[in-house]
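Chemist:
In this note's numbering, the protein residues as written are 2 to 171.
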């Protein structure tokens, strides 16, 4: 049977637009009573950078990306509990730091590098391979599982999925 599109099927561009609309609501999360509320706003802005640079394949030099990266920097700088956020949301903030570091104004890049360094030091991540893996871990944890499975097949060692995630994802 041929794969024929149905009226209920969404095209890729429609899905991206729907995702973009969902992300917008994160920008308006503000609860001064909760010290972790900036994480929602910065996540929303980082998602938009990701949508523009990766999913829509727009140039990373797009002025909107620089502006969003600056907003993330300002929100994190004004957060009194930044180190708590960095420790609590390591994967999410590491992804944001790498993403923003690529699109930020050259004057803002040291901030993102410093925050990423803090997270990497806490995680004891030192080699370039580990840093590269950490940069991809948040968005594609299943790739970490595939890497561990490939390595275990080569070595003849078998892991359960739980062991693979614990060893490969930590």
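For every residue, glycine included, the Cβ atom is placed at its ideal position computed from N, Cα and C.
All figures in this text were calculated on a predicted structure; none of them were measured in a lab.
1) Cα-Cα, which of 45, 27, 13 is closest to residue 100?
2) Less than 8 Å between C-beta atoms, sequence neighbours within five positions excluded: which residues of the same chain meet that for residue 114?
3) Check whether the Cβ atoms of residue 111 and residue 80 sit closer than 8 Å, and answer yes or no.
4) Tell me where the alpha helix (DSSP H) around residue 19 begins and ends.
5) Should the stretch 82-96 be called in touch with the stretch 124-140, which here means at least 3 C-beta pairs below 8 Å?
6) Pick helix, strand or coil for residue 84, following the three-state DSSP scheme.
7) Quick check on residue 108: does DSSP put it in helix, strand or coil?
8) May I have the straight-line CA-CA distance separating residue 48 from residue 82, to the nearest angstrom?
9) Taking the alpha-carbon of residue 32 as reference, which of 124, 42, 51 has the nearest alpha-carbon?
10) Is residue 77 near residue 50, with beta carbons less than 8 Å apart?
Modeler: Answer, in terms of the structure:
1) Ranking 45, 27, 13 by Cα distance to residue 100 puts 45 first.
2) Excluding residues within five positions, the ones whose Cβ falls inside 8 Å are 98, 102.
3) At least 8 Å separates the beta-carbon of residue 111 from that of residue 80.
4) Run containing residue 19: 13-25, per the alpha helix (DSSP H) assignment.
5) The stretch 82-96 is in contact with the stretch 124-140.
6) Residue 84: helix per DSSP, three-state reduction.
7) DSSP places residue 108 in the coil class of the three-state scheme, outside both helix and strand.
8) Rounded to the nearest whole angstrom, the CA to CA distance from residue 48 to residue 82 is 22 Å.
9) Per the Cα distances, 42.
10) No. Outside cutoff.
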